[in-house]
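Colleague: With the numbering used here applied, the sequence shown corresponds to residues 345 to 737, in that order. Cβ atoms here follow ideal geometry from the backbone N, Cα and C, with glycine treated the same way.
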Amino acid sequence: MKRGWSVRTIGDLISKGETVDPTKAPGELFSYVDVSSVSNDTFKIVQTSKLMGADAPSRARRRIRANDVIFATIRPTLKRIAVVPEYLDQQICSTGYIVLRALPDLNPRYLFHYLFSDAFQSSMEILQTGASYPAVTDGQVKQQPIPLPPLEEQQRIVAILDEAFEGLDRARVNAEANLQNARELFEMVRNEALRIGNVGSRTVRFSDVAEITAKLVDPRKDAYADLPHVGAGNMVTGSDQLIDVKTAREEQLISGKHPFDENMVLYSKIRPYLRKVARPDFGGLCSADVYPLAPKFDVLLRDYLYHLLSGNDFTRYAIAGSDRAGMPKVNRDHLFAYEFSLPRFDDQCAICRKLDDLQIATERLAEIYTGKLRELADLRQSLLRKAFAGELT
């Protein structure tokens with residue numbers, strides 16, 4: 345520990361929170377900060393609700409003041425952390441937050457930055473309990489140790505971190521924008537390529553050019569147990585990538601699955617707005633919630649089918665005909681009733697060569713920008729580690 349520093353608990357350095365009941369003043373208007381009000385992207389309070397005391401929800405019970413630090417104890421690793429701005433002084437937040445009001449020997453923004461440190465976040469991850477709504481208690485937060493330098497040093501650290509993180513945030517926003525632009529450009533080109541009519545194109549029904557030939561099989565049988573299994577969770581939105589694929593035996597599957605081969609396209613019928621489509625280069629089993637679609641030979645190119653199912657026109661059609669409000673699903677009848685303009689086979693090949701080349705280039709760019717985002721996140725944590733070890737110069 346650096347000379348002049350000490351280790352205290354957060355609870356030692358904050359004052360007791362204020363509990364209020366706005367329903368006792370039913371005619372008074374107040375701003376309410378709900379758990380969803382804090383952005384875990386900007387780490388600011390981005391929206392509030394204006395409520396009359398009579399309409400206050402049961403969780404609206406904690407008074408906040410300017411420069412308080414609020415930390416959501418529900419799903420704590422989502423990092424919904426913010427400093428209360430002046431315009432929300434004397435307003436009310438949800439009991440889903442712990443309100444940390446710094447005593448005079450603790451700089452509020454020093455505390456704010458510490459809550460993002462690996463040390464604090466790792467403790468929250470270990471301490472949280474509850475499967476559906478993991479949470480920590482206020483007491484557990486207050487018990488967390490925090491390295492405490494003299495107030496003047498806290499102010500110096502805060503000034504350095506604020507300036508550094510402002511620059512990192514600008515770089516992150518730029519990288520995210522570049523990543524989004526690259527993906528949007530590819531989608532625009534793909535949708536245009538699928539929409540343009542070619543000489544010799546004809547209107548077809550999906551049932552005319554593709555089919556599902558696979559029958560459900562028992563994944564516990566020896567013939568299937570060691571085959572890779574693909575479910576919707578293994579498929580990536582807007583990408584041909586498959587992740588974390590395991591065998592039926594490894595997943596201990598018992599319900600019926602569809603066999604597929606490398607000539608098929610896999611389409612997840614659950615939540616069609618997610619656009620989960622894949623063309624695996626191997627054979628295996630797929631979930632009953634994934635359609636193994638076989639294009640008809642010399643009529644529909646497999647790669648064209650992949651891009652067709654990934655495109656905006658089909659996705660809008662799939663969403664419009666989805667069953668179930670809570671879990672939208674595309675049924676077979678709706679899928680096979682889809683009508684579209686199908687180019688000649690040679691034209692399909694030319695279109696797909698262009699789209700595949702562009703998709704590869706887009707994914708390479710995505711890897712670059714995703715890598716930059718990881719580097720920025722690592723740099724942020726490196727600065728925090730140095731700051732709270734007294735090594736920030």
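(1) If I follow the unbroken alpha helix (DSSP H) through P491, where does it start and stop?
(2) Return the CA-CA distance between V561 and S375, expressed in angstroms with no decimal places.
(3) Might you give, ordered along the chain, the residues of its own chain that have their beta carbon closer than 7 Å to the beta carbon of Q725, omitting 5 neighbours on each side?
(4) Relative to the C-alpha of P572, which candidate in L736, F732, P494 and C630 has its C-alpha closest?
(5) Relative to the C-alpha of I470, which residue among H457, Y458, F456 and V485 is closest?
(6) Measure the C-alpha to C-alpha separation of S359 and T737 and round it to an integer number of angstroms.
(7) Would you identify the three-state DSSP class for F626, choosing helix, strand or coil?
(8) Near I504, which residues of its chain fall below 7 Å by C-beta distance, leaving aside the five closest residues on each side in sequence?
(9) Output needed for L492: all residues of its chain with C-beta closer than 6 Å, excluding positions within five of it in sequence on either side, in chain order.
(10) Buried or exposed: M532, going by 16 or more other Cβ atoms within 10 Å of its Cβ?
(11) Under DSSP, the beta strand (DSSP E) around M741 begins and ends at which residues?
(12) Using the three-state DSSP reduction, which class does F415 fall into: helix, strand or coil?
(13) What's the gap between the Cα of P672 and the Cα of L653?
(14) CB-CB under 8 Å to Q434, same chain, minus the five flanking residues each way: which ones, in chain order?
(15) Considering only DSSP beta bridges, list what M396 is partnered with.
(16) Could you tell me the alpha carbon to alpha carbon distance between R403 and G474, rounded to whole angstroms?
(17) Can you say whether T706 is buried or exposed, counting buried as having 16 or more other CB atoms within 10 angstroms of its CB?
(18) Hey, how far is the Cα of V413 from the Cα of I425?
(19) What residue ranges within the segment 551 to 577 form continuous beta strand (DSSP E) runs of no fewer than 3 residues, ordered along the chain?
(20) My guess is that Y713 and L523 are in contact by the Cβ rule of under 8 Å, so how many angstroms apart are they, rounded?
(21) From the DSSP output, in three-state form, read off K601 for me.
(22) What's the gap between the Cα of R453 and the Cα of V502?
Modeller: In short:
(1) On the sequence shown, position 147 is the one that residue 491 refers to. That residue, P491, is in no alpha helix (DSSP H); its beta strand (DSSP E) goes P489 to L492.
(2) Residue numbering aside, residue 561 sits at position 217 when the sequence shown is read from its first letter. Residue numbering aside, residue 375 sits at position 31 when the sequence shown is read from its first letter. Approximately 57 Å, taken between the alpha carbons.
(3) Walking along the sequence shown from the start, residue 725 turns up at place 381. So the list reads D462, once near-sequence residues are dropped.
(4) As a working note, residue 572 is residue 228 in the sequence shown. It is C630 whose Cα lies nearest to the Cα of P572.
(5) As a working note, residue 470 is residue 126 in the sequence shown. Per the Cα distances, V485.
(6) Residue mapping note: residue 359 aligns to position 15 of the sequence shown, counting from 1. Residue mapping note: residue 737 aligns to position 393 of the sequence shown, counting from 1. When rounded, the distance between both Cα atoms is 31 Å.
(7) Within the sequence shown, residue 626 is the residue found at index 282, counting from 1. It is coil, neither helix nor strand.
(8) To locate residue 504, count along the sequence shown from 1; it is residue 160. Same-chain partners within the cutoff: L736.
(9) Start at 1 with the first residue of the sequence shown, and residue 492 comes out as number 148. Answer for L492: S350 and R352, listed in chain order.
(10) Walking along the sequence shown from the start, residue 532 turns up at place 188. That one is exposed.
(11) Coverage of the chain is limited to positions 345 through 737, which leaves residue 741 absent and any answer about it impossible.
(12) The residue you call residue 415 lines up with position 71 of the sequence shown. When DSSP states are grouped into helix, strand and coil, F415 belongs to the strand group.
(13) Residue numbering aside, residue 672 sits at position 328 when the sequence shown is read from its first letter. Residue numbering aside, residue 653 sits at position 309 when the sequence shown is read from its first letter. Rounded to the nearest angstrom, the two C-alpha atoms are 16 Å apart.
(14) Here residue 434 is taken as the residue at index 90 of the sequence shown, counted from 1. So the list reads R407, I408 and R409, once near-sequence residues are dropped.
(15) Your numbering for residue 396 matches position 52 in the sequence shown. According to DSSP, M396 bridges with L373.
(16) As a first step, residue 403 is located in the sequence shown; it is residue number 59 there, counting from the start. As a first step, residue 474 is located in the sequence shown; it is residue number 130 there, counting from the start. So the two alpha carbons sit approximately 19 Å from each other.
(17) Translated into the one-based positions of the sequence shown, residue 706 becomes position 362. Counting Cβ neighbours within 10 Å, T706 comes out buried, since at least 16 surround it.
(18) Translated into the one-based positions of the sequence shown, residue 413 becomes position 69. Translated into the one-based positions of the sequence shown, residue 425 becomes position 81. Each residue's Cα considered, the two are about 7 Å apart.
(19) 572 to 574
(20) Here residue 713 corresponds to residue number 369 of the sequence shown, with the count starting at 1. Here residue 523 corresponds to residue number 179 of the sequence shown, with the count starting at 1. That pair is a contact at about 4 Å.
(21) Here residue 601 refers to the residue found at position 257 when the sequence shown is read from its first residue. In the structure shown, K601 falls within a strand segment according to DSSP collapsed to helix, strand and coil.
(22) Stepping through the sequence shown from its first residue, residue 453 is reached at position 109. Stepping through the sequence shown from its first residue, residue 502 is reached at position 158. Distance between the alpha carbons of R453 and V502: 6 Å.
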